[in-house]
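The opening position of the sequence shown corresponds to residue 1070 in the numbering used here, with each subsequent residue numbered one higher. Positions of the beta carbon are idealized from the N, C-alpha and C atoms, including for glycine. Taking it in order: structure first as structure tokens, then the write-up.
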Amino acid sequence: MTQWAIGDLQGCHVEFERLLQRLEFTPGRDVMWLAGDLVNRGPGSLECLRHAKALGDSARIVLGNHDLHLLAVAHGFGRLKRSDTLQPILDAPDRDELLDWLRRQPLMVEETIDARRTVMTHAGVLPGWTLNQAAALAREAEAALAGDAYREFLGEMYGDTPDLWREDLSGIARLRCIVNVFTRMRFVDREGRMDFAAKEGLDSAPEGYRPWFQFPRPEGAWDDSPRLLFGHWAALEGETPAARQDVAALDTGCVWGGGLTALDLETGQRVFEPAVTSRD
């Protein structure tokens, strides 16, 4: 069995199929970790969603911000943007089945691989959180999305505030902050305050801010040398300069003309499948 991790598909289904063929990926034998943003901007969003769902127990999947955007729009909250490629999903005969499956996917997954704790989220983990704390907070938001009142959350999901985590946050504000950490975070300041405007490379950091993965973590927060996988940040091109070796960026910007990269979670080997064409 081989366990592979791939960053944001974003509707790049042709490249996804080609990469799986190169890897000789076999469902039922191998496992694929998908770091969220299965859909949007690429031409094969519906196909990516169906393919990911069909993988069943052979996949470990987390939600990304584009996946949540799809859920919000599908349930009457938010609007499609000019660059969105979500209409085929909204028009599909299996739309309800796909959307119901999607909203029940987690924000954080973890597993022990070769005696090493491996964790994946779409955007990362706030530097001030322990991994156990992150897992508990992820479950809070997952329960809201999977529960009967999920429409209430989707209706209030959009927003940049609160941009600073506090344990005494409650209600929708608490859930929004948790989801923004897991699906939208890039730069934070020393207090852990998130900036959502800067989206390019490391040199686009606002004054006083750095990438979340460059800040020290609380003592005991990352015991036993775990590894954290994340996507979301195509401008990094799969690299985390000056980061600790326990962080792996997976998004190599297929939808922007880069490609898809698969990381072997046991050997560290990376396999790259170039984009068919730039879509920017």
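Buried or exposed: which applies to residue i, given that a residue is buried once 16 or more other Cβ atoms fall within 10 Å of its Cβ?
i	result
D1136	buried
M1263	buried
D1106	buried
Q1338	exposed
E1308	exposed
R1296	buried
For residue i, which residues of its own chain have a beta-carbon under 8 angstroms away from its beta-carbon, when the five flanking residues on both sides are left out?
i	result
P1285	P1196
D1237	none
R1148	V1142
R1119	D1163, L1167
With C-beta atoms as the reference, is residue i less than 8 angstroms away from residue j?
i	j	result
Y1219	R1164	no
C1081	V1324	yes
L1223	A1274	no
M1177	V1250	no
T1321	G1328	yes
F1265	P1280	no
L1124	A1331	no
D1175	S1127	Note that residue 1175 corresponds to Pro in the displayed sequence, not to Asp. Against a cut-off of 8 angstroms, the Cβ pair of S1127 and P1175 comes out as no contact.
I'd like the list of long-range same chain contacts for residue i, defined as Cβ closer than 6 angstroms, with 5 residues on each side in sequence excluded.
i	result
L1206	I1247
L1115	P1157, I1158, A1161
L1139	V1108, L1155
G1113	G1080, H1082
W1102	A1074, R1129, M1189
What first and last residue would you give for the alpha helix (DSSP H) that runs through residue i?
i	result
Q1090	1082-1092
R1129	Element bounds for R1129: not the alpha helix (DSSP H) but the beta strand (DSSP E), 1128-1130.
D1160	1156-1160
E1209	1200-1215
W1170	1164-1172
L1115	1114-1123
Pop quiz: residue i and residue j are said to be a contact at Cβ under 8 angstroms. What is the actual Cβ separation, rounded to whole angstroms?
i	j	result
F1299	L1319	7 angstroms
V1316	F1282	5 angstroms
L1344	E1084	One detail in the question is off: residue 1344 reads as Ala in this sequence, not Leu. Correct: roughly 6 angstroms between the Cβ atoms.
Q1072	L1334	4 angstroms
Between residue i and the rest of its own chain, which residues show a CB-CB distance below 7 angstroms, the 5 nearest in sequence each way excluded?
i	result
L1168	L1140, A1143
E1260	L1233
R1087	E1342
D1349	Bear in mind that the predicted position of D1349 carries a pLDDT of just 48, short of 50, making it unreliable; the figure below should be weighed with that in mind. W1325, G1326, listed in sequence order.
P1287	G1197, T1199
Starting from residue i and walking both ways along the beta strand (DSSP E), at which residues does that stretch end?
i	result
V1352	No statement about residue 1352 is possible, as the shown extent of the chain runs from 1070 to 1349 and does not include it.
R1186	1185-1190
V1316	1316-1318
E1236	Unbroken run through E1236: none, as it is neither H nor E.
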